[in-house]
Amino acid sequence: MISKSALMMGIELEKLREYLSLTGWRQQEFDRRWLVFQGAEEANAQDLEVVLVADRNASDYWNYFGQTVELLSALRNEDIETTLRRVQFVDMDVLNVRNVDTGGYDSISLALADTQVGQLKQLIRYAASSEKEPRPYFNQAFRIGDSMVDHFRFGQTFRGSFGLSIESPLHRQEQHLRSHRYEQQPSLFDDDPDSYEDVVVPPLERRVMERVVRGLGFTRISAAERNPDILVREYGSGLNGNMCRALVRAASDKEYVMEYSVLWSPRLSPTEDVLHQAVVRLNEVSYDILTAALQQLRTIEPEVYRVRGLVTNLGAESDPLSESTASREVAIKWINRPDNARPVKVLVHLNRQEYVLAHQAHLSWSTVEVTGIVEKVGAIWRLIDPRDFTVENLPPSHRSQLSLL
2 MISKSALMMG
12 IELEKLREYL
22 SLTGWRQQEF
32 DRRWLVFQGA
42 EEANAQDLEV
52 VLVADRNASD
62 YWNYFGQTVE
72 LLSALRNEDI
82 ETTLRRVQFV
92 DMDVLNVRNV
102 DTGGYDSISL
112 ALADTQVGQL
122 KQLIRYAASS
132 EKEPRPYFNQ
142 AFRIGDSMVD
152 HFRFGQTFRG
162 SFGLSIESPL
172 HRQEQHLRSH
182 RYEQQPSLFD
192 DDPDSYEDVV
202 VPPLERRVME
212 RVVRGLGFTR
222 ISAAERNPDI
232 LVREYGSGLN
242 GNMCRALVRA
252 ASDKEYVMEY
262 SVLWSPRLSP
272 TEDVLHQAVV
282 RLNEVSYDIL
292 TAALQQLRTI
302 EPEVYRVRGL
312 VTNLGAESDP
322 LSESTASREV
332 AIKWINRPDN
342 ARPVKVLVHL
352 NRQEYVLAHQ
362 AHLSWSTVEV
372 TGIVEKVGAI
382 WRLIDPRDFT
392 VENLPPSHRS
402 QLSLL
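Using my numbering, the first residue of the sequence shown is number 2, and each one after it goes up by one.
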């Protein structure tokens, strides 16, 4: 039986219940004293059950609580503290940052702590800027970066070569761009069953964390290959030059070895490429690669494309006909990709009039075109800086709807 730690005693029963439910455990009907959960199939625990005491003041409450945590820890093959942290932070993503070389103190100087917190803020600020517009390098961060810095929280420090955590509460739900197939519409993509599936866009705070974690993974690969090419090539979904610089400066300009790891909130599944991201250790080789990538990223000029295809999905954060600046987004099946590559859905932000025009194009199954910079951000393709949105052969009956604007 594990001992009652301060971390365990700080966890409310409701958080453990939520964690169990979100990870596939099914609560069974029982009396008021007991909470019984049937095992999660995806964890190969379908023949198991856990029992909790409903009353926190009961004498055996912590015994059952501890047994449940021990079982969850064993199923994940991880230490007890990590499992407790997963439960404690069930409603947020957590980036753990550990200083490996701290001497015999398990602590760092105030000056270094100040530097690291400042550079982690820069890491988040420029990650958010790249989610708005994935540039290789920014002369100045976008305002959305400051909003994300305000959203992220400085969490508890932890012992063991000294670590700190950056927490990102998940308040918002993912956005669904709906797809509606009409019987009169001919299909150009009958061999592609996902053409009419909803496009799911995670909330910004999750996308920012995924970008950071994905970029750290690219850094590990680049360091192993002694080559910054993958970092440079994948800036659209990973690190921009400013983020590379922040990681180097967080180590006091290459002086300290640092480790980064993440705990994902089970409220929302991350994209597959970062779901099982291992701990990333950055050392002098890593920092040299990040510096080389920064130098190259400062010189890249993104390529502009004229995207042509059909509107398959539409979505808006609020009334798309209002005068607000709320997001209006459509997905276009990009059919004229270079080298005859397979068509993909590209998300495009449109203004009010363009959104209505896109909706009419969707209803009439008319081809649209728009110019911009195409980047793959995680699993999602986006068109950055869209302009010159046009519709081919829009029927007069549909074009007349634009007069209502």
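For each residue, glycine too, the CB sits at the ideal point set by N, CA and C.
Compute the distance between the beta-carbons of Ala251 and Thr103, then report whether it is under 8 Å. Along the sequence shown, one-based indexing puts residue 251 at 250. Along the sequence shown, one-based indexing puts residue 103 at 102. Between Ala251 and Thr103, the CB-CB gap reaches or exceeds 8 Å.
Quick one, which of Ile109, Val214, Leu121, Arg388 has its alpha-carbon nearest Ser262's? As a position in the sequence shown, residue 262 is number 261, starting the count at 1. For the residues Ile109, Val214, Leu121, Arg388, the minimum Cα distance to Ser262 belongs to Val214.
Continuous beta strand (DSSP E) stretch holding Glu1: start and end: Outside the shown range of the chain (2 to 406) lies residue 1, about which nothing can therefore be said.
Rounding to the nearest angstrom, what Cα-Cα distance links Pro377 and Arg212 in this structure? Here residue 377 is taken as the residue at index 376 of the sequence shown, counted from 1. Here residue 212 is taken as the residue at index 211 of the sequence shown, counted from 1. The residue you asked about is not Pro; residue 377 is Lys in the sequence shown. Taking the straight line from one Cα to the other gives about 12 Å.
Rounded straight-line distance, which links the Cα of Ile374 to that of Tyr65: Against the sequence shown, residue 65 aligns to sequence position 64. Against the sequence shown, residue 374 aligns to sequence position 373. Looking at the two C-alpha atoms, the distance is approximately 55 Å.
In whole angstroms, what is the alpha-carbon distance linking Leu49 and Gly40? Residue 49 sits at position 48 when you count from the first residue of the sequence shown. Residue 40 sits at position 39 when you count from the first residue of the sequence shown. Straight-line Cα distance between these residues: approximately 5 Å.
Within 10 angstroms of its Cβ, does Pro187 collect 16 or more other Cβ (buried), or is it exposed? On the sequence shown, position 186 is the one that residue 187 refers to. Any answer about Pro187 is weak, because its pLDDT of 43 lies below 50 and its placement is not dependable; what the coordinates show is given next. With fewer than 16 Cβ atoms within 10 Å of its Cβ, Pro187 is classed as exposed.
Based on Cα-Cα distance, which residue from Ala224, Trp366, Leu348, Glu30 lies nearest to Asp386? If you number the sequence shown from 1, residue 386 lands on position 385. Ranking Ala224, Trp366, Leu348, Glu30 by Cα distance to Asp386 puts Leu348 first.
Does the beta-carbon distance from Tyr127 to Arg299 come in below 8 Å? As a first step, residue 127 is located in the sequence shown; it is residue number 126 there, counting from the start. As a first step, residue 299 is located in the sequence shown; it is residue number 298 there, counting from the start. In this structure, Arg299 does not lie closer than 8 Å to Tyr127 by Cβ.
Could you say if the stretch 213 to 231 and the stretch 143 to 156 meet the contact criterion of at least three C-beta pairs nearer than 8 Å? The stretch 213 to 231, when compared against the stretch 143 to 156, does not touch it at the 8 Å Cβ threshold.
Is it right to say Phe31 is buried, meaning 16 or more other beta carbons lie within 10 angstroms of its own, or is it exposed? Indexing the sequence shown from 1 puts residue 31 at position 30. Phe31 comes out exposed.
Should Val249 go down as buried or exposed, given a rule of 16 or more other Cβ atoms within 10 Å for buried? The residue given as residue 249 occupies position 248 in the sequence shown. So Val249 ends up on the buried side.
Could you spell out the range, first to last residue, of the beta strand (DSSP E) harbouring Glu376? Taking the first residue of the sequence shown as 1, we reach residue 376 at position 375. That run of the beta strand (DSSP E) goes 368 to 378.
Gln123: buried (16+ other C-beta within 10 angstroms of its C-beta) or exposed? For this step, residue 123 is matched to residue 122 along the sequence shown. Buried: at least 16 other Cβ atoms inside 10 Å.
Reducing DSSP to helix, strand and coil, say where Leu295 ends up. The sequence position of residue 295 within the sequence shown is 294, counting from 1. In the displayed model, Leu295 falls within a helix according to three-state DSSP.
If you reduce the DSSP assignment to three classes, tell me which class Arg383 lands in. In the sequence shown, counting from the first residue as 1, residue 383 sits at position 382. Assignment of Arg383 by DSSP, reduced to helix, strand and coil, places it in the strand class.
Short of 7 Å in beta carbon distance, which residues of its chain neighbour Tyr62, apart from the five on each side in sequence? Order them along the chain. Within the sequence shown, the letter at position 61 stands for residue 62. Closer than 7 Å at the Cβ level, and outside the excluded window around Tyr62, lie Val54, Asp56.
What is the DSSP secondary structure of Ile12, counted as helix, strand or coil? To locate residue 12, count along the sequence shown from 1; it is residue 11. Here DSSP, grouped into helix, strand and coil, assigns Ile12 to coil.
In the DSSP output, what is Gly218 paired with across the bridge? Taking the sequence shown and counting its residues from 1, one reaches residue 218 at position 217. Gly218 is not bridged to any residue.
Where the alpha helix (DSSP H) containing Leu264 begins and where it ends: The residue given as residue 264 occupies position 263 in the sequence shown. Here Leu264 belongs to no alpha helix (DSSP H); instead the beta strand (DSSP E) covers 259 to 264.
Tell me which same chain residues have a C-beta within less than 7 Å of the C-beta of Ile109, skipping the five on either side of it? Here residue 109 corresponds to residue number 108 of the sequence shown, with the count starting at 1. Scanning its chain for C-beta atoms nearer than 7 Å, with the 5 sequence neighbours on each side dropped, one finds around Ile109 the residues Asn100, Thr103, Phe163, in chain order.
Residues in the same chain with beta-carbon distance under 7 Å from Met244, minus the five sequence neighbours each way, listed in chain order, please. Here residue 244 is taken as the residue at index 243 of the sequence shown, counted from 1. Its chain contains Leu124, Tyr127, Ala128, Gly216 as the residues whose beta carbon lies nearer than 7 Å to that of Met244, once the 5 sequence neighbours on both sides are disregarded; these appear in chain order.
So Val70 packs on Glu168, CB below 8 Å; how close in whole Å? Translated into positions along the sequence shown, residue 70 becomes position 69. Translated into positions along the sequence shown, residue 168 becomes position 167. The distance from the Cβ of Val70 to that of Glu168 is about 20 Å, inconsistent with a contact at the 8 Å cut-off.
Distance between Leu121 and Ser253 (C-alpha atoms, nearest Å): Translated into the one-based positions of the sequence shown, residue 253 becomes position 252. Translated into the one-based positions of the sequence shown, residue 121 becomes position 120. For Ser253 and Leu121, the gap between their C-alpha atoms comes out near 12 Å.
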